[in-house]
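Number of protein chains: 2
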Amino acid sequence: MEKEHRFNKEDLMDFVVRYMSKLGVPAEDAKIVGDVLISADVRGVESHGLLRLGSYYGNRISKNYIDPTTPFKIITETPTTALIDGGNGCGQVVSYKAMQMAIEKAKKSGLAAITVNNSNHFGIAGYYSMMALEHGMIGICMTNSQPLVAPTYGRTAVMGTNPISVAAPSNTEYPYVLDMATSAVAYGKIQLYEKKQEKIPLGWGIDEDGLVTDNPSKIKPGGHGALLPLGGMDITAGYKGFGLAIFVEIMCSILSGGNYLTQVGSPSKPEPTGVSHFFMAINIEAFRPLIDFKMQLDDMIRLLKSSPLAVDRDEILVAGTKEFEYQKYNEVNGVPLIQPIVDDLMKEAEKVGVEFPLEKAINK
Amino acid sequence: MEKEHRFNKEDLMDFVVRYMSKLGVPAEDAKIVGDVLISADVRGVESHGLLRLGSYYGNRISKNYIDPTTPFKIITETPTTALIDGGNGCGQVVSYKAMQMAIEKAKKSGLAAITVNNSNHFGIAGYYSMMALEHGMIGICMTNSQPLVAPTYGRTAVMGTNPISVAAPSNTEYPYVLDMATSAVAYGKIQLYEKKQEKIPLGWGIDEDGLVTDNPSKIKPGGHGALLPLGGMDITAGYKGFGLAIFVEIMCSILSGGNYLTQVGSPSKPEPTGVSHFFMAINIEAFRPLIDFKMQLDDMIRLLKSSPLAVDRDEILVAGTKEFEYQKYNEVNGVPLIQPIVDDLMKEAEKVGVEFPLEKAINK
Numbered sequence: 001m002e003k004e005h006r007f008n009k010e011d012l013m014d015f016v017v018r019y020m021s022k023l024g025v026p027a028e029d030a031k032i033v034g035d036v037l038i039s040a041d042v043r044g045v046e047s048h049g050l051l052r053l054g055s056y057y058g059n060r061i062s063k064n065y066i067d068p069t070t071p072f073k074i075i076t077e078t079p080t081t082a083l084i085d086g087g088n089g090c091g092q093v094v095s096y097k098a099m100q101m102a103i104e105k106a107k108k109s110g111l112a113a114i115t116v117n118n119s120n121h122f123g124i125a126g127y128y129s130m131m132a133l134e135h136g137m138i139g140i141c142m143t144n145s146q147p148l149v150a151p152t153y154g155r156t157a158v159m160g161t162n163p164i165s166v167a168a169p170s171n172t173e174y175p176y177v178l179d180m181a182t183s184a185v186a187y188g189k190i191q192l193y194e195k196k197q198e199k200i201p202l203g204w205g206i207d208e209d210g211l212v213t214d215n216p217s218k219i220k221p222g223g224h225g226a227l228l229p230l231g232g233m234d235i236t237a238g239y240k241g242f243g244l245a246i247f248v249e250i251m252c253s254i255l256s257g258g259n260y261l262t263q264v265g266s267p268s269k270p271e272p273t274g275v276s277h278f279f280m281a282i283n284i285e286a287f288r289p290l291i292d293f294k295m296q297l298d299d300m301i302r303l304l305k306s307s308p309l310a311v312d313r314d315e316i317l318v319a320g321t322k323e324f325e326y327q328k329y330n331e332v333n334g335v336p337l338i339q340p341i342v343d344d345l346m347k348e349a350e351k352v353g354v355e356f357p358l359e360k361a362i363n364k
Numbered sequence: 001m002e003k004e005h006r007f008n009k010e011d012l013m014d015f016v017v018r019y020m021s022k023l024g025v026p027a028e029d030a031k032i033v034g035d036v037l038i039s040a041d042v043r044g045v046e047s048h049g050l051l052r053l054g055s056y057y058g059n060r061i062s063k064n065y066i067d068p069t070t071p072f073k074i075i076t077e078t079p080t081t082a083l084i085d086g087g088n089g090c091g092q093v094v095s096y097k098a099m100q101m102a103i104e105k106a107k108k109s110g111l112a113a114i115t116v117n118n119s120n121h122f123g124i125a126g127y128y129s130m131m132a133l134e135h136g137m138i139g140i141c142m143t144n145s146q147p148l149v150a151p152t153y154g155r156t157a158v159m160g161t162n163p164i165s166v167a168a169p170s171n172t173e174y175p176y177v178l179d180m181a182t183s184a185v186a187y188g189k190i191q192l193y194e195k196k197q198e199k200i201p202l203g204w205g206i207d208e209d210g211l212v213t214d215n216p217s218k219i220k221p222g223g224h225g226a227l228l229p230l231g232g233m234d235i236t237a238g239y240k241g242f243g244l245a246i247f248v249e250i251m252c253s254i255l256s257g258g259n260y261l262t263q264v265g266s267p268s269k270p271e272p273t274g275v276s277h278f279f280m281a282i283n284i285e286a287f288r289p290l291i292d293f294k295m296q297l298d299d300m301i302r303l304l305k306s307s308p309l310a311v312d313r314d315e316i317l318v319a320g321t322k323e324f325e326y327q328k329y330n331e332v333n334g335v336p337l338i339q340p341i342v343d344d345l346m347k348e349a350e351k352v353g354v355e356f357p358l359e360k361a362i363n364k
């Protein structure tokens, strides 16, 4: 196993702020970007954490593919809705503000929905849906993303992995937090199997002919082949994942007038991405007393967790549980970063002339 | 192939009204039930059509498991929200009224969400989401249902097939209409394979040990085994379908204080079912001009339809397309009912003392 360093959240945050400030990102905004990325590492979603600080954000800001000042322009607004132009800024900053706006509106109006165009990759969708929890609300968040997924019966990557996240507050159990791509798997998972030279399960992706394959090397979205939508092939209802991916496009890009499907750029290409997002807050007190909702959600979660297990399984995991357990552990033991990520962060830090605080690792 | 009769919609509607009136359902309400059921047959969703008139509705009303008058009681209400007690009435009637209420509220407030408890099976979810289309709105509808599906790593049926439907208006293309169970497949599909003595694909269901099986006879939810959530096993991301099913529960039963999971009754048991529903209307004009939305949705649908096809495939089907094509054909050629359904309807008609208008079949 690769060596792992652990850090205090504050030290990593301080680093992100110093790093992004050098790139012209206001400190307040850098703190938002930092909090979203570090939260991913804290919650065990390493693929969306500081690993991406350089490649998805820093490098792109330094080349002017992302506007470091994140203009936040309200195009239309009502007491329950807004359409925001994300100004080709940092996805996290516009998303944080948009979700905050949704929550404020829902406090007064019961419900609110905000759609955002002209933005960039925003990190983990679950960060924004979870913002609703402490306000006694259900939070919903979606985003489109660069094409990696084929529609059912197609053969090329046309859709993004278009995630949906929903968070709902509980009382004593962990909150329910769904944060799922509408593809069967993330592309990173297929690359991992390729590296290990292992076959992938049927249903993850298709080859250049559009046929399901167990060979990870045959799946190179953008080149040949593509990921399959959630459900896999048509016989296992992949058309439902396809339908969900288009639901996400409708709420994000069609409702906002933003880029959709193959119009969405990739963070690996030298151009703005034009990503669209959607945020919703639902104020539970508008329907029934919050405590009743929370206690009933607890009851439902307990019923799920106590239902009979399949052989050789030891736990039924309700959406979010695994991530809250990572969080609990990492908040005590420090945020984990494996050696290659630390190496990369040190390189990125050097590029802009700041120091990565390796000496502050708490498990030296 | 079984003999198929075709009818004018009006003749079938007249029959449903005469049939339900005998059972004490007000004519206005019977028309709603009839329209929902007949729409299913028109759209090719035979499993949710008149096939169920007797077993799911008529018989249950006659035994007082469903209240024929469908009391519609508002528990809480704001300009954007409502919580409705469905009064153990006809699911279609309370759902039609709730969605209408959501649309009226969204006209004024931009958005609206209505949650309903203490209801019964409501037919096709797509009927209610589609009600939003002619008002220039996005419609969303969900419902919980009797336990047939196991959570990931479970071995018994704990969750319903909990469908999600979303409808969005287009300009010249067919509207987008997603109407999907959050299970991999419907139980009826497994029964069909059992009848044909064929193996089912891995990922549809599990046996009594909670292990995935290709033997349809090993899947008898309530007895032994269960359906799997969308995605199938964990390795193909069945936990996402599990997460979606719980999302549906949260919006329907936890937000409304209704029955959830194993508390939801089955239409085949001699007791009220206590089903919960959720409805949402999103007024597109609150965000951007409706025509812009519609034209952009057309563009996206065309882009999907024109993307390269997998070998041996001849069309990419956007959610709803197939059903609109059935509808187009059946509205010209009559509503199709196969002989066994006609036989059943004649039997049900006799029970309450009305006539089924077989003589009005238009393809005699």
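Respectively, the protein sequence lines represent chains A and B.
Per this note's numbering, the very first residue in the first sequence carries number 1; after that it's consecutive.
Per this note's numbering, the very first residue in the second sequence carries number 1; after that it's consecutive.
Where is the CB? At the ideal position from N, CA and C, for every residue including glycine.
The model shown is predicted, which means the values in this text are computed figures rather than measured ones.
Applying a beta-carbon distance threshold of less than 7 Å, which residues of chain B neighbour residue i?
{"i": "A/K240", "result": "M180, L230"}
{"i": "A/A102", "result": "Going along chain B, no residue has its Cβ under 7 Å from A/A102, so there is no contact; the nearest lies around 11 Å."}
{"i": "A/Y260", "result": "M300"}
{"i": "A/F247", "result": "V166, L178"}
{"i": "A/G24", "result": "In chain order: nothing, as chain B lies at least about 31 Å away."}
{"i": "A/G243", "result": "L178, M180, A319"}
Skipping 5 residues on each side, what residues in its chain have a beta carbon closer than 6 Å to that of residue i?
{"i": "B/H5", "result": "L337, V342, A361"}
{"i": "B/I124", "result": "A40, V45, H48"}
{"i": "B/G232", "result": "A184, G203, G238"}
Only counting the same chain, and skipping five residues up and downstream in sequence, which positions put a Cβ closer than 8 Å to that of residue i?
{"i": "A/I38", "result": "K9, L12, M13, V16, G49, L50, V335"}
{"i": "A/H224", "result": "D207, E208, K218"}
{"i": "B/D214", "result": "K199, I200, P201, L202"}
{"i": "A/M23", "result": "According to the sequence provided, residue 23 of chain A is Leu. The question's Met does not apply to it. So the qualifying residues of the chain are G58, I61, S62, P68, V352."}
{"i": "A/L290", "result": "G136, P169, I284"}
{"i": "B/Y176", "result": "V166, A167, A168, S170, L297, I301, V318, A319, G320"}
For residue i, which residues in the same chain have their Cβ closer than 7 Å to its Cβ, ignoring the five residues on either side in sequence?
{"i": "B/L261", "result": "P147, V158, M159, E249"}
{"i": "A/T172", "result": "D298"}
{"i": "A/M180", "result": "P163, I164"}
{"i": "B/A132", "result": "I103, I138, G139, A167, A281"}
{"i": "A/M101", "result": "A82, I114"}
{"i": "A/I365", "result": "This structure leaves residue 365 of chain A out entirely; chain A is present only between 1 and 364."}
{"i": "A/K294", "result": "P169, S170, N171"}
{"i": "A/N367", "result": "No answer is possible for residue 367 of chain A: it lies beyond the span of chain A, which begins at 1 and ends at 364."}
What residues from chain B crowd round residue i, counting only those whose CB sits closer than 8 Å?
{"i": "A/L213", "result": "Residue identity check: residue 213 of chain A is Thr in the sequence provided, not Leu. None at all; the shortest Cβ gap to chain B is about 12 Å."}
{"i": "A/P201", "result": "I235, T236"}
{"i": "A/V158", "result": "L303, L304, S307"}
{"i": "A/I219", "result": "Going along chain B, no residue has its Cβ under 8 Å from A/I219, so there is no contact; the nearest lies around 14 Å."}
Output, in chain order, the set of chain B residues within a Cβ distance shorter than 9 Å of residue i.
{"i": "A/Y153", "result": "L309, A310, R313, D314, E315, I316, L317"}
Mind listing the chain A neighbours of residue i? Cutoff is C-beta to C-beta under 9 Å, in chain order.
{"i": "B/G257", "result": "F287, R288, D292, F293, Q296"}
{"i": "B/I190", "result": "Those within 9 Å of B/I190 in chain A number zero; the least Cβ separation is about 13 Å."}
Give the interface partners of residue i over in chain A, defined as CB-CB distance under 7 Å, in chain order.
{"i": "B/D209", "result": "A310, V311"}
{"i": "B/A237", "result": "A184, V185, L230"}
{"i": "B/I282", "result": "A113"}
{"i": "B/I61", "result": "By Cβ distance, chain A contributes nothing, its closest Cβ being about 29 Å from B/I61, past 7 Å."}
Can you list the residues of chain A that residue i reaches, using a CB-CB cut of under 8 Å?
{"i": "B/I206", "result": "A310"}
Can you list, in chain order, the stretches of the beta strand (DSSP E) that have 3 or more residues and sit fully within the region 226-285 of chain A?
Listed in chain order, they are 275-283.
Taking Cβ-Cβ distances below 7 Å as the criterion, which residues of the region 299-312 of chain A are in contact with chain B?
Listed in sequence order: M300, L303, L304, S307, P308, L309, A310, V311.
Taking one C-beta from the region 136-151 of chain A and one from the region 273-281 of chain A each time, how about it: are there three or more such pairs within less than 8 Å?
Contact between the region 136-151 of chain A and the region 273-281 of chain A is established, with three or more Cβ pairs separated by less than 8 Å.
May I ask you to verify whether the region 316-323 of chain B touches the region 20-36 of chain B, counting CB pairs closer than 8 Å and requiring at least 3?
No: fewer than three Cβ pairs fall under 8 Å.
Kindly provide the ranges of any beta strand (DSSP E) runs that are 3 or more residues long and lie completely inside the region 87-131 of chain A, ordered along the chain.
DSSP runs (the beta strand (DSSP E)) wholly in the region 87-131 of chain A: 111-119.
Check whether the region 14-21 of chain B touches the region 299-311 of chain B, counting contact only when three or more Cβ pairs, one atom from each stretch, lie closer than 8 Å.
They do not touch, by the three-pair rule.
Cβ contact (3+ pairs, closer than 8 Å) linking the region 120-135 of chain A and the region 86-106 of chain A:
Enough Cβ pairs lie closer than 8 Å, so yes.
Going along the region 161-181 of chain B in order, which residues come within less than 7 Å of chain D, judged by CB to CB distance?
Protein chains in the displayed structure are A and B, and chain D is not among them.
Mind listing which residues of the region 108-130 of chain B have their C-beta closer than 8 Å to chain A's C-betas, in chain order?
Within the region 108-130 of chain B, the residues whose Cβ lies closer than 8 Å to some Cβ of chain A are S109, G110, L111, A112, A113, T115, listed in chain order.
Is the region 226-239 of chain B touching the region 107-114 of chain B in the sense that three or more CB pairs, one from each, lie closer than 8 Å?
No, the region 107-114 of chain B does not touch the region 226-239 of chain B.
Report the residues of the region 69-97 of chain B with a CB closer than 7 Å to any CB of chain A, ordered along the chain.
Listed by position along the chain: T76, T78, T80, T81, L83.
Contact set between the region 324-340 of chain A and chain B, restricted to residues whose Cβ is under 8 Å from the partner:
Under the 8 Å Cβ criterion, the region 324-340 of chain A contributes no residue.
Using a Cβ cut-off of 8 Å, which residues of the region 132-146 of chain B contact any Cβ in chain A, in chain order?
Listed by position along the chain: I138.
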